[in-house]
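J.: Got a structure here, written out as structure tokens. Questions coming.
Structure, rendered in structure tokens:
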């Protein structure tokens with residue numbers, strides 16, 4: 008399940024920012040749209056995708072991760088195939104077509120395929136769910152980092168059109184086969200139990216303990232989507248990843264101009280991602296262990312505090328102290344990301360309605376990633392600086408920290424009650 012779920016998440020790359028960015032210049036040349044017009048289409052498509060992801064989450068609960076992941080893979084393959092035939096268009100038609108194209112890319116790849124893979128993995132583990140999901144996320148993060156260079160090599164073979172068609176064939180043949188052969192919705196559907204019976208074996212060895220593991224089957228007391236949304240703890244683990252999705256996407260999108268504002272050249276500013284990765288990968292494993300041992304609220308608090316440090320430091324990357332603070336803050340926050348999106352929800356709310364609840368979290372994240380770049384662009388346009396947007400981003404990060412502390416001291420509290 009770990010191998011299968013990881014392959015599925017990696018296969019979402021054509022719909023992720025890392026997979027789309029290398030095709031941007033080719034799309035502007037092919038369609039005749041300007042970079043700004045293409046960015047607006049990307050905003051529209053990503054925002055629409057985020058608004059629809061709640062439907063995808065409910066579909067996972069109803070039809071299972073296997074069927075939904077296979078449908079998303081085929082849909083992603085069809086989308087990149089269709090985009091490979093794109094040609095010159097007038098502005099209105101071009102923006103409409105690219106908005107739909109980006110929306111389908113983001114919905115099938117970044118959204119549904121990722122969500123289905125994460126949900127399936129979370130269904131199969133309980134005692135070590137955080138560690139397992141963090142291992143998967145570390146591999147996926149490395150793959151995302153390597154993706155742009157590999158995709159550029161693929162484009163160099165015979166252009167971006169052939170590259171997308173080769174990707175489509177790989178998705179259908181290799182990834183589709185992997186999903187059909189290896190994906191299983193939950194252990195109970197295969198006559199097994201969570202953790203492969205490990206929890207039951209441990210209980211059998213301990214005198215006076217119940218031999219039936221509590222996590223061996225979905226609980227009738229697991230929270231519904233409506234209950235989770237009313238629960239303060241849901242927002243305590245969701246707000247940090249939404250803020251990170253927004254700010255990290257925005258900073259990455261404008262990274263060259265962010266550096267130029269501070270007197271840094273392109274080569275100097277892009278090097279920041281290397282130390283960030285060196286911090287985030289080990290922290291991904293550490294926070295997976297923390298979720299299993301001390302709980303999701305502590306990880307949410309850590310992620311939020313790290314983001315406050317991050318956004319208040321990025322505006323001064325030309326100073327050694329704030330550069331180090333930004334790298335550490337960003338790396339730690341990124342390291343908490345996978346635990347909060349994969350392990351926290353089933354840990355707090357159970358597995359019965361996992362797809363629907365995770366779908367709402369994913370929807371909020373995608374919408375945040377669509378809003379962030381536009382907010383930072385507006386800040387640059389109105390104030391000639393990105394710092395106001397960075398300062399503004401510290402407010403929801405600080406609010407997320409307070410929510411996490413509240414959720415940790417009063418577990419089970421409900422918003423509005």
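In my numbering, the protein residues as written are 8 to 424. Ideal placement from N, C-alpha and C gives every residue a C-beta, glycine not left out. It should be emphasised that the depicted structure is a prediction, and the values quoted were computed from it without experimental measurement.
Which class does residue 238 belong to by DSSP, given the choice of helix, strand or coil?
T.: Strand.
J.: Taking 8 Å as the cut-off, does the region 108-119 touch the region 140-157 (at least 3 CB pairs, one atom from each stretch)?
T.: They do not touch, by the three-pair rule.
J.: For residue 106, which of helix, strand or coil comes out of DSSP?
T.: If DSSP states are grouped into helix, strand and coil, residue 106 belongs with the helices.
J.: With contact counted as at least three CB pairs below 8 Å, one residue from each stretch, are the region 53-72 and the region 88-103 in contact?
T.: In short, these stretches do not touch, since the Cβ pair count stays below three.
J.: Would you call residue 61 buried or exposed, if buried means 16 or more other Cβ atoms sit within 10 Å of its Cβ?
T.: Looking at its Cβ environment, which holds 16 or more other Cβ atoms inside 10 Å, residue 61 is buried.
J.: My assumption, with CB atoms under 8 Å, is that residue 367 sits in contact with residue 236. Please give the rounded CB distance.
T.: About 6 Å separates the two Cβ atoms, so the contact holds.
J.: Measuring alpha carbon to alpha carbon, tell me which of 284, 246, 389, 189 ends up nearest residue 14.
T.: When only C-alpha atoms are compared, the closest one is 189.
J.: Please name the residue, chosen from 18, 35, 242, that lies closest to residue 77 on a Cα-to-Cα basis.
T.: Cα-wise, what sits closest to residue 77 is 18.
J.: When the Cα of residue 281 is compared with those of 328, 8, 153, which residue comes out closest?
T.: Closest by alpha carbon: 153.
J.: With a threshold of 16 other CB atoms inside 10 Å of the CB of residue 440, please say whether the residue is buried or exposed.
T.: As shown, the chain starts at 8 and ends at 424. That puts residue 440 outside it, with no answer to give.
J.: Taking only three categories from DSSP, how would you classify residue 427?
T.: Only positions 8 to 424 of the chain appear in the structure, and residue 427 is not among them; the question remains open.
J.: In chain order, what residues of the same chain lie with their CB nearer than 7 Å to the CB of residue 340, ignoring the 5 residues before and after it?
T.: The answer, listed in chain order, is 251, 310, 313, 314, 317.
J.: Taking only runs of the alpha helix (DSSP H) that begin and end inside the region 38-82, which ones reach a length of at least 4 residues, in chain order?
T.: Counting only runs of 4 or more, we get 42-70.
J.: Look up residue 380 in the DSSP assignment and say whether it is helix, strand or coil.
T.: The answer is helix: DSSP assigns residue 380 an H, G or I state.
J.: May I have the straight-line CA-CA distance separating residue 222 from residue 127, to the nearest angstrom?
T.: Caution is warranted here: a pLDDT of 40 is assigned to residue 222, below 50, making its placement in the model unreliable, and the coordinate value is therefore given only provisionally. Taking the straight line joining both Cα atoms gives about 15 Å.
J.: Could you tell me the distance, in whole angstroms, from the CA atom of residue 304 to the CA atom of residue 369?
T.: Those two C-alpha atoms are separated by around 18 Å.
J.: Ordered along the chain, which non-local residues of its own chain (more than five positions away) have a Cβ less than 6 Å from that of residue 162?
T.: These residues qualify, in order along the chain: 170.
J.: Could you pull out every residue in the same chain whose Cβ sits closer than 6 Å to the Cβ of residue 194, ignoring the five residues on either side in sequence?
T.: Taken in chain order, the residues that qualify are 131, 200, 201.
J.: Going by CA-CA distance only, name the one from 166, 253, 413, 196 that's closest to residue 33.
T.: Answer by Cα proximity: 166.
J.: Under three-state DSSP, which class holds residue 392?
T.: Three-state result, residue 392: coil.
J.: Please classify residue 12 as buried or exposed, where buried requires at least 16 other C-beta atoms within 10 Å of its C-beta.
T.: Buried.
J.: Residue 408 and residue 396: beta carbons closer than 8 Å?
T.: Not in contact: residue 408 and residue 396 (Cβ atoms no closer than 8 Å).
J.: Between residue 286 and residue 371, how many whole angstroms is the CB-CB distance? I'm expecting something under 8 Å.
T.: Not a contact, Cβ separation roughly 25 Å.
J.: Roughly how many whole angstroms lie between the Cα atoms of residue 423 and residue 72?
T.: The predicted position of residue 423 is uncertain, since its pLDDT is 37 and thus under 50; a value taken from the coordinates is nonetheless stated next. Cα-Cα distance, rounded: 33 Å.
J.: Buried or exposed for residue 288, please, with buried defined as at least 16 other CB atoms from any protein chain shown within 10 angstroms of its CB.
T.: Buried, since its Cβ has 16 or more Cβ neighbours within 10 Å.
J.: Please work out which residues of its chain come closer than 6 Å, Cβ to Cβ, to residue 108, disregarding the five sequence neighbours upstream and downstream, and give them in chain order.
T.: Taken in chain order, the residues that qualify are 90.
J.: For the alpha helix (DSSP H) containing residue 337, list its first residue and its last residue.
T.: That run of the alpha helix (DSSP H) goes 327-345.
J.: Alpha carbons only, please: which of 253, 275, 98 is nearest the one belonging to residue 402?
T.: Out of 253, 275, 98, 253 has the C-alpha closest to the C-alpha of residue 402.
J.: Rounded to whole angstroms, what is the Cα-Cα separation between residue 20 and residue 323?
T.: Looking at the two C-alpha atoms, the distance is approximately 31 Å.
J.: Give the straight-line distance between the Cα atoms of residue 259 and residue 198, rounded to the nearest whole angstrom.
T.: Roughly 45 Å between the two C-alpha positions.
J.: Under the criterion of a Cβ to heavy atom distance below 7 Å, does residue 365 qualify as lining the ligand ATP?
T.: The model on display carries no ligand, and the ligand ATP is accordingly not part of it.
J.: Just the C-alpha distance for residue 104 and residue 49, rounded to the nearest angstrom, thanks.
T.: Their Cα atoms are separated by approximately 11 Å.
J.: Going by CA-CA distance only, name the one from 411, 354, 381 that's closest to residue 51.
T.: That would be 381, whose Cα lies nearest to the Cα of residue 51.
J.: Kindly indicate which three-state DSSP category residue 269 falls into: helix, strand or coil?
T.: In the structure shown, residue 269 sits in coil (DSSP, three-state: anything other than H, G, I, E or B).
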